[in-house]
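Just add 18 to wherever you are in the sequence shown, counting from 1, and you've got our numbering.
Here's the structure, in structure tokens; my notes come after.
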Amino acid sequence: MTQTNPPSQPASPLIYPYGETLVEAGHTMEIAPGIYWIRMPLPFALDHINLWLLKDRIADQDGWTVIDCGITNDETKTHWESIFAKHLHGLPILRVLVTHMHPDHIGLAHFLCERWKAPLWVSMSDFLMAQWLSSKEGGVAVGASSGSGGAADHYARHGLVGTEDLERIRSRSDYYSRLVPQVPRRYRRIMEG
């Protein structure tokens, strides 16, 4: 039996402080002192991800903290290279902080960490899950996270019933490892407190 509920309505209307303004891919927009918005394209129905660049200082060194990375593909790498050239003001990236293990958040962490010799900061559970899913063992075997039949069953239980959509999910293989082919070997654990 499938039950659908109408979407919740927000208690108050959404407010967009920058109106219709969107930052272009490969550029940044300062939204508060030292906080920059980055918008990277995604090749999905959800066509972008918001990333962040923060002015930072670690151990008497000025630089930047990157929050989330985008997926691994040539287009995203090219946009990052443009940001490195135009928006860092000669300062290095000091750390890469990943909020969670979804491919659009951790996908290019290896590239950024290697390029800048910067540590990855992420929770232990997200680090371990990303490592496993990007491996040969995890990338094909898991159900809901990587595609295949298990993922289709998961989405069907949660209301996705379109035959074409479910078939598209069933046909995915190595989905996660294509978007996250590599995870840095080391990380600094972030946790509550």
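Every residue gets a Cβ at the ideal spot worked out from N, C-alpha and C, and that includes glycine.
Which residue's Cα is closest to the Cα of residue i: the options?
| i | options | result |
| --- | --- | --- |
| Leu40 | Val116, Trp134, Pro59 and Pro28 | Pro59 |
| Asp65 | Glu42, Ile49, Trp82 and Pro51 | Glu42 |
| Trp98 | His118, Pro137, Ile56 and Arg75 | Ile56 |
| Phe129 | Arg113, Thr117 and Glu182 | Arg113 |
| Asn68 | Lys95, Arg204 and Thr46 | Thr46 |
| Glu182 | Ala170, Glu38 and Ala136 | Ala170 |
| Arg207 | Val116, Gly180 and Trp134 | Val116 |
| Gly44 | Glu210, Ser100 and Val198 | Ser100 |
| Pro137 | Ser152, Pro110 and Arg196 | Pro110 |
| Leu71 | Cys131, Leu178 and Tyr54 | Tyr54 |
On the criterion of 16 or more Cβ atoms from any shown chain inside 10 Å, does residue i qualify as buried, or is it exposed?
| i | result |
| --- | --- |
| Pro31 | exposed |
| Thr94 | buried |
| Ser163 | Because the pLDDT of Ser163 is 49, which lies under 50, any placement of that residue in the model is unreliable, and the number read from its coordinates should be weighed accordingly. Label assigned to Ser163: buried. |
| Ile187 | buried |
| Pro202 | buried |
| Ala63 | exposed |
| Ser189 | exposed |
| Ser26 | exposed |
| Tyr34 | exposed |
| Met209 | exposed |
Grab the span of the beta strand (DSSP E) containing residue i for me, first residue to last.
| i | result |
| --- | --- |
| Thr96 | First-last for Thr96: Asp92 to His105, but that is the alpha helix (DSSP H), not the beta strand (DSSP E). |
| Leu197 | Per DSSP, Leu197 belongs to no beta strand (DSSP E); it is in the alpha helix (DSSP H), Tyr193 to Leu197. |
| Ala50 | Met47 to Ala50 |
| Thr83 | Gln79 to Ile85 |
| Leu69 | His66 to Ile76 |
Quick test of your reading: residue i and residue j, contact by CB under 8 Å. State the CB separation rounded to the nearest angstrom.
| i | j | result |
| --- | --- | --- |
| Leu184 | Tyr173 | 7 Å |
| Val84 | Ala148 | Incorrect: roughly 16 Å between the Cβ atoms, too far for contact. |
| Ser191 | Leu151 | 13 Å between Cβ atoms; not a contact. |
For the alpha helix (DSSP H) containing residue i, name the first residue and the last one.
| i | result |
| --- | --- |
| Ile124 | Pro121 to Ile124 |
| Asp144 | Met142 to Ser152 |
Within 8 Å (strictly less), CB to CB, does residue i reach chain C?
| i | result |
| --- | --- |
| Tyr173 | Protein chains in the displayed structure number just one, and chain C is not present. |
Problem - Sufficient close CB pairs (3 or more, under 8 Å) joining the stretch 82–94 to the stretch 113–122 - result: Yes: the two stretches touch, three or more of their Cβ pairs being nearer than 8 Å.
Exercise for the section: Report yes or no: do the stretch 103–112 and the stretch 142–156 share at least 3 C-beta pairs separated by less than 8 Å? Expected result: Counting Cβ pairs under 8 Å, fewer than three are found: no touch.
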